[in-house]
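Chains as they are written, first to last, in our numbering: chain V, 1 to 188; chain U, 1001 to 1188. C-beta atoms are modelled at their ideal positions from N, C-alpha and C, and glycine is treated no differently. Structure first, then comments.
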DNA sequence: AAGTGATTTTGACCTGGATCAAACACCGTC
DNA sequence: GACGGTGTTTGATCCAGGTCAAAATCACTT
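Here's what the structure looks like:
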């Protein structure tokens, strides 16, 4: 399981074997049951995750009490509620397990200690931020220019796995539409 | 003019005087006339900007040929078309001067050379990315949860300067609504 | 001050997707 | 196999904001 972690870490920065061992020691394994909440609205995000198997998401509530899913992490994805994690301020986003999930978690304190001490970790974090930014930017483009059907088709072609693993309720909130609309789109 | 640059740089990372002098040398001054384009759609963004005086924006075109403004940079702001700048791939976004503008530009090659050589610059870039990410994330929240009027009111209270300096056409595209809608909101 | 073009406002109309509500399907469990 | 709970589909209605078009205002130029 830490082998997978090492493989993924190496995709982001040029860690040597010794560094990878240090990092493996910082990531602690945990099992979380489907539907459990890893971070509540209003609390500070203290952890950064690597998903071994399973699925978690970050989402927030709008004024009408509807969920908006920002990011879905499947097997071997990494991430967290980044805005709160960065600023160490109360989070607007929640983190929730959508399946029974095995994950590895690194604490914020360790994360930022590494950021001071290990140059390759600095590179790693920089890459994460660059990708997270570009992903968000793309999402804004899609939200402002595409219709519900176009967002449906695009996600279907880019990450069809989401259509298999997410419930309609969650998928709809990820695509920024109501479940009824998603249901209608499915039946063309 | 470079004094202002130094002051702003120091807000992002703990540069010493010697480093600030090196950096000042990397940022080259330029004057750009109102309405001139600094980056066209399809070309690679090679520069990162500090605005001395004036105003520039990044925006992109949707399928119907309407503009969508992502980010407006006023005096003493820093930034660029980050997604293209990061990946050095053709940009979807354009950069345009909205007023006659005095700016300082650093080349991508210098930017990334510094990122290898100067630890404080690494910190600087990390801060930029963190803030850019959080800003984008906030924008997504606003786009998906707020009505046109709520976005109008929020921006009015947070950055009223935009209402004074931007044309209705640009302001509307920044607020993600049509000019007609903005006009109607103004007259309550 | 008249003319030309750009920008902003106003009016009438339309539509994608939300809302509300009810029916339906799919479970696990007693 | 009946029963409650959860998730999905279907139907009827509504509305914020987009679209299209025309009028009004502003901003230069000659």
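Okay, do the stretch 1158 to 1165 of chain U and the stretch 1125 to 1133 of chain U touch, 3+ Cβ pairs below 8 Å being the bar?
no
So, does the CB of residue 1169/U fall closer than 8 Å to a CB anywhere in chain V?
For this step, residue 1169/U is matched to residue 169 along the second chain. No - not a single Cβ of chain V is within 8 Å of the one on residue 1169/U.
Tell whether a beta-carbon distance below 8 Å holds between residue 1140/U and residue 139/V.
Here residue 1140/U is taken as the residue at index 140 of the second chain, counted from 1. Here residue 139/V is taken as the residue at index 139 of the first chain, counted from 1. Contact annotation: residue 1140/U and residue 139/V have beta-carbon atoms nearer than 8 Å.
The stretch 1079 to 1104 of chain U: which residues have C-beta closer than 8 Å to a C-beta of chain V, in chain order?
1082, 1083, 1086, 1087 and 1092
Can you give me, in chain order, the residues of the stretch 43 to 71 of chain V that have a beta carbon less than 8 Å from any beta carbon in chain U?
The stretch 43 to 71 of chain V vs chain U, Cβ under 8 Å: 60, 62, 63, 68 and 70.
Contact list for residue 122/V against chain U, beta-carbon separation under 8 Å:
Your numbering for residue 122/V matches position 122 in the first chain. Residues of chain U passing the Cβ test: 1122 and 1126.
Determine the burial state of residue 137/V: buried for a count of at least 16 other Cβ atoms within 10 Å of its Cβ, exposed for fewer.
Along the first chain, one-based indexing puts residue 137/V at 137. With 16 or more Cβ atoms within 10 Å of its Cβ, residue 137/V is classed as buried.
Can you name the residues of chain V whose CB is closer than 7 Å to the CB of residue 1130/U?
Within the second chain, numbered from 1, the residue matching residue 1130/U stands at position 130. Result: 86 and 129.
Output, in chain order, the set of chain V residues within a Cβ distance shorter than 9 Å of residue 1157/U.
Locating residue 1157/U in the second chain gives position 157, where the first residue counts as 1. Going along chain V, no residue has its Cβ under 9 Å from residue 1157/U, so there is no contact; the nearest lies around 17 Å.
Helix or strand or just coil, what does DSSP make of residue 1145/U?
Numbered from 1 along the second chain, position 145 holds the residue referred to as residue 1145/U. Residue 1145/U: helix per DSSP, three-state reduction.
Interface partners of residue 139/V on chain U, CB under 9 Å:
Your numbering for residue 139/V matches position 139 in the first chain. Here the neighbours are 1136 and 1140.
At a CB distance below 7 Å, what residues from the stretch 1143 to 1157 of chain U approach chain V? Give them in sequence order.
1143, 1144 and 1145
List in chain order: all unbroken beta strand (DSSP E) runs of 3+ residues lying wholly within the stretch 1072 to 1140 of chain U.
Complete beta strand (DSSP E) runs here, min 3: 1094 to 1097 and 1101 to 1107.
What is the DSSP secondary structure of residue 69/V, counted as helix, strand or coil?
Within the first chain, numbered from 1, the residue matching residue 69/V stands at position 69. The answer is strand: DSSP assigns residue 69/V an E or B state.
Pairwise C-alpha distance: residue 6/V and residue 72/V:
The residue labelled residue 72/V in the question sits at position 72 within the first chain. The residue labelled residue 6/V in the question sits at position 6 within the first chain. The alpha-carbon atoms of residue 72/V and residue 6/V are separated by roughly 21 Å.
Those residues which DSSP pairs with residue 30/V across a bridge:
In the first chain, counting from the first residue as 1, residue 30/V sits at position 30. Residue 30/V pairs with 103/V.
Is the CB-CB distance between residue 89/V and residue 44/V below 8 Å?
Here residue 89/V refers to the residue found at position 89 when the first chain is read from its first residue. Here residue 44/V refers to the residue found at position 44 when the first chain is read from its first residue. Yes.
Helix, strand or coil at residue 1049/U [DSSP, three-state]:
What you label residue 1049/U is simply residue 49 of the second chain in a count that begins at 1. Of the three classes helix, strand and coil, the one that applies to residue 1049/U here is strand, per DSSP.
Beta-carbon of residue 14/V versus every beta-carbon of chain U: anything under 8 Å?
Numbered from its first residue, the first chain carries residue 14/V at position 14. Answer no: the Cβ-Cβ gap between residue 14/V and chain U never drops below 8 Å.
Can you confirm whether residue 1133/U, when its beta carbon is compared against all beta carbons of chain V, has any partner nearer than 8 Å?
Start at 1 with the first residue of the second chain, and residue 1133/U comes out as number 133. With 8 Å as the cut-off, residue 1133/U counts as an interface residue toward chain V.
Just to confirm, is the Cβ distance from residue 1111/U to residue 1078/U under 8 Å?
As a position in the second chain, residue 1111/U is number 111, starting the count at 1. As a position in the second chain, residue 1078/U is number 78, starting the count at 1. No, these two residues do not count as a Cβ contact at 8 Å.
Proximity test, Cβ basis, 8 Å: residue 1110/U and chain V:
Working through the second chain from its first residue, we reach residue 1110/U at position 110. Interface criterion not met: the Cβ of residue 1110/U is under 8 Å from no Cβ in chain V.
Do the stretch 56 to 68 of chain V and the stretch 1140 to 1150 of chain U make contact, defined as three or more Cβ pairs closer than 8 Å?
yes
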